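Notes for the one structure printed next.
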Amino acid sequence: MKVIFLDIDGVLNSSKTVDRNFDYPELDPRNLAVLQKIVSKTDAVLVLISSWKDDWLNEDGTASRSQEMIRYQLNQFGLDIYDHTADMTYNRGEGIINWLNAHAVESWCVLDDEIFPDYEQLQIVEKLVKISYMDGLTDDCVNEVVMKLMRCEQ
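All residue numbers for the sequence shown refer to our numbering, where the first residue is 1 and numbers rise by one.
Quick look at the structure:
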C-alpha cells in the first residue's frame, strides 16, 4: 500500500483560505483537487497526521463534527481518510513511524507545512514534501509527491 501522511491546515487550505473555526477546518477546493490528482495517479491512501485528529471521536465513540466535516469535504473529491496516527502534535514523526511499523507499506510520503523536530531525528525529512502555508497544496507539488510514492521502498 502507498500512504500519504496528511496534514490539513496549510496543506488543504492556506493563509488565504484558512478560516479556522473551532468545530472543523474549511478545506480549499483547489487544494483538494490537487490531492485528488495525486491519489488518482498513485492509488495512495490518506492517513491523517493533523492536530484535527485529536478531536476525531466524541466521548461515546461516534464521529465528531470535525471528522464528519473533513470527510464530507474530502468525499466531494472522491477522497477519504483511511486512518490516522496516534500521537500528540509535538511528536508527530513518532506517530508516523509507529503507524508504519504496524502496517505493510510499499511507499510513503508526508504532506506537511511544518518540519517538526522529530521529523529530522527520525529521518522523515527525506519523505517530506514541505507545503507552503501561503498557498497550500498546489500543482507544483504533484510530481514530487508522485515520485516519492512510486519509488517502491520504505
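Just so it is clear, CB atoms sit at the ideal spot from N, CA and C, and this is done for glycine as well.
Values in this document were obtained by computation on a predicted structure and should not be read as measured data.
Does DSSP classify residue i as helix, strand or coil?
i, result
"Ala102", "helix"
"Asp83", "strand"
"Asn13", "coil"
"Glu26", "coil"
"Ile38", "helix"
"Gly136", "coil"
"Met88", "coil"
"Gly93", "helix"
"Leu32", "helix"
"Gln121", "helix"
My guess is that residue i and residue j are in contact by the Cβ rule of under 8 angstroms, so how many angstroms apart are they, rounded?
i, j, result
"Asp7", "Ile49", "6 angstroms"
"Arg56", "Gln67", "In the sequence as presented, Arg is not what sits at residue 56; that position holds Trp. Right, the Cβ-Cβ distance comes to about 5 angstroms (below 8 angstroms), so this counts as a contact."
"Pro25", "Asn13", "6 angstroms"
"Ile4", "Cys109", "6 angstroms"
Across which residues does DSSP place residue i in a beta bridge pair?
i, result
"Val3", "Val45, Trp108"
"Lys130", "Asp112"
Note down, in chain order, each residue of its chain lying with its Cβ closer than 6 angstroms to the Cβ of residue i, except the 5 sequence neighbours on either side.
i, result
"Lys168", "This structure cannot speak to residue 168, because the chain is shown only from 1 to 154."
"Ile81", "Leu46, Leu48"
"Lys148", "Cys109"
Tell me which residues share the same chain as residue i and place their Cβ nearer than 7 angstroms to its Cβ, disregarding the 5 neighbours each side in the sequence.
i, result
"Glu116", "Reading off the sequence, residue 116 comes out as Phe, not Glu. Cβ neighbours of Phe116 beyond the five flanking positions: Arg92, Gly93."
"Val39", "Leu79"
In chain order, what residues of the same chain lie with their CB nearer than 8 angstroms to the CB of residue i, ignoring the 5 residues before and after it?
i, result
"Arg158", "Residue 158 is absent from the structure shown; the chain starts at 1 and stops at 154."
Checklist entry - Which whole runs of the alpha helix (DSSP H) in the stretch 42–70 are 4 residues long or more, in chain order? => result Taken in chain order, the stretch 42–70 contains no complete alpha helix (DSSP H) segment of 4 residues or longer.
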